[in-house]
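Asks: Before we start, here is the structure in question, set down as structure tokens.
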Amino acid sequence: DTGVSQDPRHKITKRGQNVTFRCDPISEHNRLYWYRQTLGQGPEFLTYFQNEAQLEKSRLLSDRFSAERPKGSFSTLEIQRTEQGDSAMYLCASSLGTGNQETQYFGPGTRLLVL
Amino acid sequence: RKEVEQDPGPFNVPEGATVAFNCTYSNSASQSFFWYRQDCRKEPKLLMSVYSSGNEDGRFTAQLNRASQYISLLIRDSKLSDSATYLCVVGRGGSYIPTFGRGTSLIVHP
């Protein structure tokens, strides 16, 4: 399967714990995006990488959130000191950046539940 | 006002019906427009891009109205398999960051 993959698919954690999610984009894609989606809402942009450079971060991304894409391939999203409000689906998407009219391909998401 | 607004529905239609969704956007500098489909508990997938001249893909037709700042999606001859949430996506000019609407839920019944 050469699509976008995410790991883990589900994560249950206790409030205050740290969690880390991984995203493997489609191999030739240079752009990688993280989104958060809650029930009944569309995906909300969190952050975006072009190759290894993190070019934009949403105001939604508090200091407890950090993302990396060290070699311009896979990416990790870490949430420190999780809160119940962090419970959501975390989606990763990648695209081949050739302009504005580009298709994003999404991974299956990591569903986080903070107890 | 939200940057991208959609009626969440649900739209309940019988098989074979024609159904249309609208999506309004607030930023007049928006440059790119898409419709994505999302099945329950699955990831979004691109349905179609929306071009200034409008475009059609089988039973699906997308239109852009820049003057009134909305895009539309028309589905003809609805199938049971069309049941899903349809997400409107708008890209800002000069930015690769798209904004998603909250989605419109479509339920096609026999």
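If you read the protein sequences in the order shown, they are chains U and E.
Those letters in the first sequence? Residues 1 to 115, by the numbering used here.
Those letters in the second sequence? Residues 1 to 110, by the numbering used here.
Note that beta-carbon positions come from the ideal geometry of N, C-alpha and C, so glycine has one too.
#1: Check each candidate in E:F33, E:K42 and E:S83 and name the one with the smallest Cα separation from Q69 of chain E.
#2: Counting contacts by CB-CB distance shorter than 8 angstroms, is L87 of chain E in contact with chain U?
#3: Closer than 9 angstroms by beta-carbon distance: list the chain U residues that pair up with R102 of chain E, in chain order.
#4: Does the distance from the CB of I26 of chain U to the CB of G3 of chain U come in under 8 angstroms?
#5: For R36 of chain U, which residues of its own chain have a beta-carbon under 8 angstroms away from its beta-carbon, when the five flanking residues on both sides are left out?
#6: Distance, Cα to Cα, P108 of chain U vs C40 of chain E?
#7: Would you report the Cα separation of I107 of chain E and V90 of chain E, rounded to the nearest angstrom?
#8: Which residue from E:F60, E:R1, E:E5 and E:K42 puts its Cα closest to that of D77 of chain E?
#9: Closest to V50 of chain E by C-alpha separation, out of U:T103, U:L112, U:V114 and U:A93, would be which residue?
#10: Should Q17 of chain U and T110 of chain U be called a contact, given that it needs their Cβ atoms to be closer than 8 angstroms?
#11: Run through chain E and tell me which residues come within less than 9 angstroms of R31 of chain U, C-beta to C-beta.
#12: Let's test the definition: count the other Cβ atoms within 10 Å of the Cβ of G40 of chain U and tell me whether it reaches 16, buried, or not, exposed.
#13: Grab me the residues of N65 of chain E's own chain with a C-beta within less than 8 angstroms of its C-beta, minus the 5 sequence neighbours each way, in chain order.
#14: Enumerate in chain order the residues of its own chain whose CB-to-CB distance from E143 of chain U is below 7 angstroms, with the five nearest sequence positions on each side excluded.
#15: Roughly how many angstroms separate the alpha carbons of R22 of chain U and A67 of chain U, rounded to a whole number?
#16: Does the Cβ of D123 of chain E have 16 or more other Cβ atoms within 10 Å, making it buried, or fewer, making it exposed?
#17: Have a look at G16 of chain E and K79 of chain E and give me their C-alpha separation to the nearest angstrom.
#18: Assuming G97 of chain U contacts R9 of chain U (C-beta within less than 8 angstroms), just tell me the rounded distance between them.
#19: What residues match up with N91 of chain U in a beta bridge as DSSP calls it?
#20: Against chain E, which members of the stretch 52-78 of chain U pass a CB distance test of less than 9 angstroms?
#21: From the beta carbon of F45 of chain U, is the nearest beta carbon of chain E less than 8 angstroms away?
Replies: Reading off the structure:
#1: E:F33
#2: yes
#3: G40, Q41 and G42
#4: yes
#5: P43, E44, L46, L60, A88, M89, Y90 and L91
#6: 12 angstroms
#7: 24 angstroms
#8: E:F60
#9: U:T103
#10: no
#11: Y96
#12: exposed
#13: I71 and S72
#14: Residue 143 of chain U lies beyond the residue range present for chain U, which begins at 1 and ends at 115; the question has no answer from this structure.
#15: 10 angstroms
#16: Residue 123 of chain E falls outside the range modelled here, since chain E spans only 1 to 110, and no answer is possible.
#17: 7 angstroms
#18: Not a contact, Cβ separation roughly 27 angstroms.
#19: First, the amino acid is wrong: residue 91 of chain U is Leu here, not Asn. DSSP lists U:Y35 as partners of L91 of chain U.
#20: L55, E56 and S58
#21: yes
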